[in-house]
Amino acid sequence: MSPSMSTHERFQARAIKIAQLAWGKTHPNPMVGALVVESGQIVAEGWHPGAGLDHAEVHALHNLGRRPLLGATLYVTLEPCCTHGRTGACTQAIVESGIRKVVVGATDPNPLHSGAGIELLRSAGVEVIEGVLAEACTDLNLIFNHWIVKKGPLIAAKIATSLDSKFTIPNSDSKWITGESARTDVMRWRRYFPAIAVSSNTLLSDNSRLTSRYNADVWCGRRFVFDRKLHTATQAGSLQIFTDSFADQTTVVCDESASTTSQALLEDFGATIWRLPLVDGHLDLSAFRQRCYSEEICGVYMEPGPTLSNALIQQCKVDYLFHYIAQKYLCDDHEEDRINLGFLKGTNNLEVCNELRHMQYTRFGDDLLVRGHL
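Residues 9 to 382, numbered by my numbering, are exactly what the sequence shown covers, in order.
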């Protein structure tokens, strides 16, 4: 730990690590970690493993196996809930446990409940210290926060480019522009999101599995392919997402006029078809977002190629961006796979360019990940 990190921050950082034991497993609920500290020592830890199961605070108190000692402190990454849902209210469990000091990271993002749990604890005589590592605790739950506040799925895009904004090395045998550590991080984020999406061009070029292969585990969420005219149908038998053991997790998104014969071919492989209207000649991503919301798909991790990346970002169809930057200059004359992240469509005015907010930076060897809200 950093020598400048306070005791509260040190324990809250541990609670964040504990929360991540449920990485990608709690949707539509948040990841939350909690721990009980007595006399400067962690005596119990807990986390929220999934919807309908114990919340982190209750898990930690159960793991303690006894009443906390006088002076014990509970650390929790998210404000304790004060309402009864599929589980009881955490505030009630805390008060009944005898805990008299709680350190909170992030407040509840729901405007109907934000601050209510903290105030209830205080009214019961519990000392509450709030906002400890709040930014890091909030960052744990990008999808949950967006789902609660925006009432829709978090649509994220992942891109990887050179320093001069190139996607690929022309005529190269390698399809990777970043190193192995950065690619492992991509697998980690694939596991975080309940769904992943690519264009048909990317699928046909790479024959991607669209699974997460992280920590020796293979996991598959919902897989989306944007294929306006169902061109993948004729090659479905050679594409892994239609022939592997997760084929029933594959959904192909097409326009309303796509061939019904092609649809039947894909459905024979176990795929689902979503037909969406067109807007300006492109699949209506607002309709896609609404369909995801109706099926409670709270986040989609898109891995678009250059053309789709530019369209998504310039037309403000992405909520969050993961940009991996390889420390390489490719310096070739091919412009067709260069991405132009800065400007909105139809303008060259710096005052209205796209900007990332709440940015995070992570190094992976010689590669850099810049991520943030758009």
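Every residue, glycine too, gets a C-beta built ideally from N, C-alpha and C.
Below 8 Å, too few C-beta pairs join the segment 265-278 and the segment 293-309 to call them touching: fewer than three. Taking C-alpha positions only, TYR337 is separated from ASP375 by approximately 13 Å. Taking 8 Å as the cut-off, the Cβ atoms of LEU291 and VAL261 count as close.
Judged by DSSP secondary structure, VAL136 falls within the beta strand (DSSP E) whose first and last residues are 135-137.
The continuous alpha helix (DSSP H) containing LYS25 extends over residues 15-27.
LEU129: member of the alpha helix (DSSP H) spanning 124-131, first to last residue. Its chain contains PHE19, GLN20, ALA23, ALA42, LEU43, VAL45 and VAL111 as the residues whose beta carbon lies nearer than 7 Å to that of TYR83, once the 5 sequence neighbours on both sides are disregarded; these appear in chain order. For LEU72 and ALA80, the gap between their C-alpha atoms comes out near 12 Å. The alpha-carbon of ILE333 is positioned some 17 Å away from that of MET310. For VAL84, the uninterrupted beta strand (DSSP E) run begins and ends at 81-86, by DSSP. Contact annotation, GLN257 with ASN215: C-beta distance approximately 16 Å; criterion of less than 8 Å not satisfied. Residue burial annotation: SER317 is buried, with at least 16 other C-beta atoms found within 10 angstroms of its C-beta. In the DSSP secondary-structure assignment, GLY380 is bridged to LEU329. In the structure shown, ARG297 adopts helical secondary structure according to DSSP, grouped into three states.
One Cα belongs to THR95, the other to LEU69, and the distance between them is close to 15 Å. Ranked by how close their Cα comes to the Cα of ASP172, the residues HIS92, ALA142 and ILE185 have ILE185 in first place. Secondary structure at PHE201: coil, using DSSP grouped into helix, strand and coil. Cα atoms of LYS33 and LEU274: separation of roughly 29 Å, rounded to the nearest angstrom. 8 Å or more divides the Cβ of PHE372 from the Cβ of ALA164. Rounded to whole angstroms, the separation of the alpha carbons of GLY313 and LYS174 is 11 Å.
Cβ-Cβ distances below 6 Å link ARG217 to GLN248 in the same chain, with the five nearest sequence neighbours on each side left out; the list follows chain order. A contact is defined here as three or more CB-CB pairs under 8 Å, and the segment 94-108 fails this definition with respect to the segment 149-160. With the rule of 3 Cβ pairs closer than 8 Å, the segment 275-283 does not count as touching the segment 130-150.
Rounded to the nearest angstrom, the Cβ distance from CYS90 to GLY113 is 17 Å, too far for a contact under 8 Å. The alpha-carbon of ILE50 is positioned some 55 Å away from that of PRO285. Counting only runs of at least 4 residues, the segment 193-281 fully encloses the following alpha helix (DSSP H) elements, listed from N- to C-terminal order: 208-214, 248-251 and 268-276. In terms of CA proximity to LYS237, ASN209 leads the group ASN223, TYR222, ASN209 and ARG221.
For THR242, the closest alpha carbon among the candidates GLU264, ARG230, LEU61 and LEU212 is that of LEU212. VAL44 is bridged by DSSP to ALA52 and LEU82. Secondary structure of GLN335 (DSSP, three-state): coil.
Spanning the alpha carbons of THR280 and ARG230 requires a straight line of approximately 11 Å. When the beta-carbon positions are compared, CYS98 and VAL66 come within less than 8 Å of each other.
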